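In the working numbering, the protein residues as written are 36 to 350.
Even for Gly, the Cβ is constructed at its ideal location relative to N, Cα and C.
All of these numbers come straight from a predicted model, not from anything done at the bench.
What follows is a set of notes on a single structure, which appears directly below.
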């Protein structure tokens, strides 16, 4: 057995890795769909990688597909099939950087509906003309000019570059989450650690938009924190000792800052308790939260090299 296409083999190995990971973390019908779909493509890629006949057939089909796209879409041919993916990426970008509002939800639904509608129309339109060419005996006879070949090579190169950049950004997002959280953490540290007053409200000093702020007791589990704030992101952590600064800010349901460290590291300690928004309804600790607009007054004190902000919320 001779290896015909190393690139195809590499792609199939990545597909195998994806399938194995999905099998190990199987969680419902969505995972089943991806296992079947990626598994099918992986098997097909392995066959193509080691079969000269299958490889040549794939090349021939790809060549005729390029001819068909050129004839149907002209200069738009190089990105015609990418429109749904671009719309989905745009929706994902908006979802990751914008606050959750009714307008955002409507926009995301609109983009996804356009993407699905375009994909259905595109598949139907291309399949229709492909069947017509096969019926007329024209399929397999198309030829690309030298200029067309160069244009498709440039298109493939840019597709590869964009795919690589997207993959790196996606991997960074999976590892670190929303990078704005870390920027907001830094801005919060700079603001609170340099306070020089006797009392203040969070509405006046927090340097980013927020709607709710939470504080959690020591040792509260990450799963509990995720359930309370309604989000699962890498920036959420659980405190491992007494006296840690554990604060989470959200803006319309999205985490915008998450601090879980010792006051000596940040230069400030923020805490509040009491009132109707303090809960001890579970065994692994409690939490408190206040809303933007509550205008809770925090007492500001200098304490062992850091600024302490504390508020006792009245019932």
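Residue 139 holds the alpha-carbon nearest to the alpha-carbon of residue 287 among 303, 139, 173, 193. Put simply, the region 257 to 268 does not touch the region 217 to 224. Fewer than three CB pairs are less than 8 Å apart. When DSSP states are grouped into helix, strand and coil, residue 306 belongs to the strand group. Contact between the region 334 to 341 and the region 246 to 263 is absent: fewer than 3 CB-CB pairs across the two stretches fall below 8 Å.
Residue 74 holds the alpha-carbon nearest to the alpha-carbon of residue 52 among 74, 192, 330, 64. Counting only runs of 4+ residues, the alpha helix (DSSP H) found wholly inside the region 175 to 212 occupies 181 to 211, in chain order. Taking a contact to require three or more Cβ pairs closer than 8 Å, the region 227 to 236 and the region 300 to 312 qualify as touching. The C-alpha of residue 326 is placed about 5 Å away from the C-alpha of residue 247. In the DSSP assignment, residue 251 falls within the unbroken beta strand (DSSP E) covering 247 to 251. Between the alpha carbons of residue 136 and residue 207 lies a distance of about 26 Å. In the three-state reduction of the DSSP assignment, residue 171 falls in the coil class, being assigned neither a helical nor a strand state. For the options 339, 324, 308, the alpha carbon positioned closest to that of residue 346 is the one of 308. By the CB criterion at 8 Å, residue 103 and residue 126 fall outside the cutoff.
Look at residue 215 here: in three-state DSSP terms it is helix. In the DSSP annotation of this structure, residue 114 is not part of any alpha helix (DSSP H), being labelled neither H nor E.
As the crow flies, the alpha-carbon of residue 145 is around 10 Å from that of residue 122. Residue 293: member of the beta strand (DSSP E) spanning 289 to 296, first to last residue.
Sequence-distant partners of residue 175 (beyond 5 residues in either direction) whose C-beta falls short of 8 Å from its own C-beta, in its chain, are 95, 99. Around the CB of residue 280, 16 or more other CB atoms lie within 10 Å, so the residue is classed as buried. Each residue's CA atom was taken as its position, placing residue 198 and residue 331 some 48 Å apart. If you ignore the 5 residues before and after residue 105, its C-beta comes within less than 8 Å of the C-beta of 112, 179, 183, all in its own chain and listed in chain order.
Rounded to the nearest whole angstrom, the CA to CA distance from residue 274 to residue 292 is 16 Å.
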